[in-house]
Amino acid sequence: MLGFAVRRNRPKVLSKAGATGPGTTKQSVCNDSGGLHLSSSSSFIICDSIVGYPIRHASQGFQDLLGYKASECVGEGFGGRQLRNGLQQSSEFKNLAKELGLNELEMSNSIQRMAQAADQAAQSAASDGAANLSGQRSPLLLATKKTGELFVCEISWRKNTHPSLGWSYHAGLLRDVSKISAARLLVAASQETTYQELCNEWADTLAPDLGLPKLSEKLGSSSQDMHAVAQKMWTDELTKETGKAKTQTRRADASSIWSRSTASTLASVNASTRASHHLGGIFAR
Numbered sequence: 001m002l003g004f005a006v007r008r009n010r011p012k013v014l015s016k017a018g019a020t021g022p023g024t025t026k027q028s029v030c031n032d033s034g035g036l037h038l039s040s041s042s043s044f045i046i047c048d049s050i051v052g053y054p055i056r057h058a059s060q061g062f063q064d065l066l067g068y069k070a071s072e073c074v075g076e077g078f079g080g081r082q083l084r085n086g087l088q089q090s091s092e093f094k095n096l097a098k099e100l101g102l103n104e105l106e107m108s109n110s111i112q113r114m115a116q117a118a119d120q121a122a123q124s125a126a127s128d129g130a131a132n133l134s135g136q137r138s139p140l141l142l143a144t145k146k147t148g149e150l151f152v153c154e155i156s157w158r159k160n161t162h163p164s165l166g167w168s169y170h171a172g173l174l175r176d177v178s179k180i181s182a183a184r185l186l187v188a189a190s191q192e193t194t195y196q197e198l199c200n201e202w203a204d205t206l207a208p209d210l211g212l213p214k215l216s217e218k219l220g221s222s223s224q225d226m227h228a229v230a231q232k233m234w235t236d237e238l239t240k241e242t243g244k245a246k247t248q249t250r251r252a253d254a255s256s257i258w259s260r261s262t263a264s265t266l267a268s269v270n271a272s273t274r275a276s277h278h279l280g281g282i283f284a285r
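Read left to right, the sequence shown gives residues 1 to 285 (UniProt numbering).
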C-alpha cells in the first residue's frame, strides 16, 4: 500500500487533470499472492465486534505494511472518524492537496467520502452477515504509514462466528493498492461519481488484470484460518491473564475466556487517557 505519488522522488503533479489519468508507474505493485487463502504476507486484523472495532490481533503482514508493532496496534480502533482525523492532521496530505490544486471544499469532500466508505464497510459486515458478503466491493482508502507516508489501500470486513466456540468477531483484510496513486484517489474522492468509478475500475479491471481475487472472496475463503488465529489469541490471552505458560494445556469454560479477555480489552481502552497517534490514519483510539 505505497502512496508512491507522494514519495520524495515522485514526479511532480502539476494539475488535477494530470492526476486523473492512469495514476500508475512501473513501480506499482500489490503485496498480494493472488490466492484465495491467507499467506505469511497477508495483512489482516481481528477486532471485537463492538463500537470502534478495537484491534485484538494484528498479523505480521499488517505490521510490516503500516510500520507498527503488534503492541502498538492492539486496543486501537477502526473507523471513519480515525481516518478523517488522521488525514486532517497529515502534512503529507495537505502538501499533496495543495500540489494538486484542490480547494478546501474538495479536500473536505475527499476526506468525508472515504471516511463514510470506511464506516459503511464495517457496518455492512456487522449487519449483512457472512453469507451476503462474497460479492461485496471493497472501498479504496487513503491512509498513512507510521512514517507519515500516504498510501492507497482497500479493506474488506467480515463478521465471523467461531464454529465451535460460538464467539463473534470482526475480521478485516487490507490490500496494498499502489497500482493507484494517492494523487489519483484524492482527486477522484472529491466527487461521488468519480470515486465510485475508480473503485469500480479497480475491482472490475485493474485487480483482475493483476490476477487478484475480490478481497471479500479472499476473506470469505480464509474463515478457517481466521478462526484458528482467533482461538489461539483468546487462549493466549487467558494463559497470560492466569499467569500460566502458553504451552500448558488448560480446559476452560468458553464464556470465561471471552468475558475475561473482552473485559480486559475494554478496560484498557476506557482507562487510557493518553494522546494517541493515528495508526495508519485509520486505526486510532
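Each residue gets a CB set at the ideal place from its N, CA and C atoms; glycine is no exception.
Being a predicted model, the structure only gives us computed values, none of them experimental.
Quick one, which of the options has its alpha-carbon nearest residue i's?
i	options	result
Ile53	Glu76, Tyr68, Ser71, Asn200	The sequence shown places Tyr at residue 53, not Ile. Ranking the options by Cα distance to Tyr53, first place goes to Glu76.
Leu87	Ala58, Arg137, Lys145	Lys145
Ser178	Pro163, Asp204, Ala143	Ala143
Arg113	Ser90, Thr194, Ser168, Ser42	Thr194
Val51	Tyr68, Cys153, Ala122, Pro163	Ala122
Ala115	Gln191, Leu186, Asn200, Gly80	Gly80
Arg56	Phe62, Gln63, Cys73	Cys73
Leu186	Ser156, Ala125, Gly101, Gly243	Gly101
Asn95	Asp209, Asn200, Ser216, Ala183	Ala183
Gly166	Ser124, Asp204, Trp234	Trp234
Met226	Gln120, Asn103, His162, Arg84	His162
Ala228	Asn103, Ser71, Arg84, Ser164	Ser164
Ordered along the chain, which non-local residues of its own chain (more than five positions away) have a Cβ less than 7 Å from that of residue i?
i	result
Met107	Ala97
Tyr169	Ile46, Cys47, Asp48, Ser49, Asn160, Ala230
Lys246	Because the pLDDT of Lys246 is 48, which lies under 50, any placement of that residue in the model is unreliable, and the number read from its coordinates should be weighed accordingly. Same-chain partners within the cutoff: Asp236, Thr239.
Gln120	none
Looking at residue i: is its Cβ nearer than 9 Å to the Cβ of residue j?
i	j	result
Gly172	Glu92	no
Leu212	Arg158	no
Lys218	Arg137	no
Ala207	Leu198	no
residue 287	Ser90	In the structure as shown, the chain begins at 1 and stops at 285. Residue 287 is therefore absent and cannot be evaluated.
Phe78	Ala117	no
Ser156	Ser59	no
Which same chain residues end up closer than 6 Å to residue i when comparing Cβ atoms and leaving out the 5 residues on each side of it in sequence?
i	result
Leu105	none
Arg84	Ile111, Ala115
Ala125	Trp157, Arg158, Lys159
For residue i, I'd like the list of residues in its chain whose CB is within less than 8 Å of its CB, leaving aside the five on either flank, ordered along the chain.
i	result
Trp202	Leu140, Glu154, Val177, Lys179, Ile180
Gly67	Lys145, Lys146, Thr147
Asn109	Ala189, Ser190, Gln191
Lys69	Gln63
Asn200	Arg137
Examine chain C for any beta-carbon lying closer than 9 Å to the beta-carbon of residue i, and answer yes or no.
i	result
Ser216	Reference to chain C is not applicable here, since this structure consists of a single protein chain.
Quick one: complete alpha helix (DSSP H) runs, 4+ long, within the stretch 55-84? Fully enclosed alpha helix (DSSP H) runs of no fewer than 4 residues occupy 60-66, 70-73 of the stretch 55-84, in order along the chain.
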